[in-house]
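**Student:** Take a look at this one; I'll ask things after.
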C-alpha cells in the first residue's frame, strides 16, 4: 500500500473520480489532460499534470487556485485561455515550439534534438505574440 495516487491522461474522468474513495479518501488523483483541467478540478481531482505549464505556469497556477477557491466563473475564463494556449502551441505536437517560447521567456529552452524538426523563427515569434496577447502573465 505505498501507492499514493495516480495520473490519467486517457481523456475520461470516470477512473479518477472512482479512485477518490481509495485509502479512505486520501488517494491523490491528477488529470493529464489540459483540455479537461477545469472538469477534473470540478470532479475533485487534486492536480493537473500540464504540458502547457512548461510555457505558461502562471495560467495553470491561477486556474488551480480559482478552482480550489470555488471561483468557477474565473476558472472557466482561465480554462478558455488554456484552450487558446493549447491551440497556439499546437497542443504539444511541436516540442521545438515550446523550447523556442521558453527561450523568448528568457529561459534556456535549448534545441529539439533530431529527428524532431526545429520551429521556424517567424512562426515562433507569431506564437509568442499570440500568447502575450492572451494576458496570461507571461510577457
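In the working numbering, the protein residues as written are 3 to 141.
Note that CB positions come from ideal geometry on N, CA and C, so glycine has one too.
Can we say the stretch 76-89 touches the stretch 101-109, given the rule of at least three CB pairs closer than 8 Å?
**Tutor:** Not touching, per the Cβ criterion.
**Student:** Use the C-beta contact count for residue 52: other C-beta atoms within 10 angstroms, 16 or more gives buried, fewer gives exposed.
**Tutor:** Burial call: buried.
**Student:** Is the stretch 28-40 in contact with the stretch 83-97, if contact means three or more CB pairs nearer than 8 Å?
**Tutor:** A contact exists between the stretch 28-40 and the stretch 83-97.
**Student:** Pick out whichever of 67, 24, 42 has its Cα sitting closest to the Cα of residue 7.
**Tutor:** When only C-alpha atoms are compared, the closest one is 24.
**Student:** Do you know offhand how far residue 4's Cα is from residue 58's?
**Tutor:** Between residue 4 and residue 58, the C-alpha separation is close to 32 Å.
**Student:** Would you kindly work out how many angstroms separate the C-alpha atoms of residue 10 and residue 113, rounded to a whole number?
**Tutor:** Distance between the alpha carbons of residue 10 and residue 113: 29 Å.
**Student:** How big is the Cα-Cα spacing for residue 138 and residue 50?
**Tutor:** Rounded to the nearest angstrom, the two C-alpha atoms are 18 Å apart.
**Student:** Look at the Cβ atom of residue 69, then the Cβ atom of residue 48, and state whether they are nearer than 8 Å.
**Tutor:** Not closer than 8 Å, so no.
**Student:** In this structure, how does DSSP classify residue 8 when only helix, strand and coil are distinguished?
**Tutor:** Residue 8 falls in the strand class under three-state DSSP.
**Student:** Within this structure, are the beta carbons of residue 62 and residue 55 separated by less than 8 Å?
**Tutor:** It is a contact, given that the beta carbons lie within the stated cut-off.
**Student:** Out of curiosity, what's the CA-to-CA distance linking residue 97 and residue 107?
**Tutor:** Whole-angstrom Cα-Cα distance: 16 Å.
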